[in-house]
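Below: one structure, written as structure tokens.
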Amino acid sequence: MPWVTNPVRERLRRSAIAALCEAEFRVRCAVSATEEVVSRTTAEVQGTARGEQPLRACRSALAIQSEALGHLARARALTHEISTQEWVDEDEEDT
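If you're matching positions, the sequence shown starts at 17 in this note's numbering and goes up one per residue.
What follows is the structure, given as structure tokens:
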């Protein structure tokens, strides 16, 4: 029996895929936020410096990156669980 027919494994597989997609999205957001912070900070340094705004932007970018890392860790854990779990076919369970 292919592993996809096992409903528990299929749910875990779908959860892992969803977590990986979410992680990829969050990482892209983090990269964009970081690029924006670098751009703003560079402009601030070259012009009139308003110290609190770049600091707030940096904190926001770090929070987004931290959240992205959390999503990646969750995706990794789900993927690991799927790959290491011993699965029993439903047909074998009934006998």
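Every residue gets a Cβ at the ideal spot worked out from N, C-alpha and C, and that includes glycine.
Exercise. Counting Cβ pairs closer than 8 Å, one from the stretch 46 to 58 and one from the stretch 71 to 87, do we hit at least three?
Worked result: yes
Exercise. Between ILE98 and the rest of its own chain, which residues show a CB-CB distance below 8 Å, the 5 nearest in sequence each way excluded?
Worked result: ARG25, LEU28, ARG29, ALA32
Problem set entry | Residue burial classification, PHE44 (beta-carbon count within 10 angstroms, cutoff 16) | The sequence given here has Arg at residue 44, not Phe. ARG44 is exposed by the Cβ-count criterion.
Problem set entry | Inter-residue Cα distance where the pair is HIS96 and GLU51 | 32 Å
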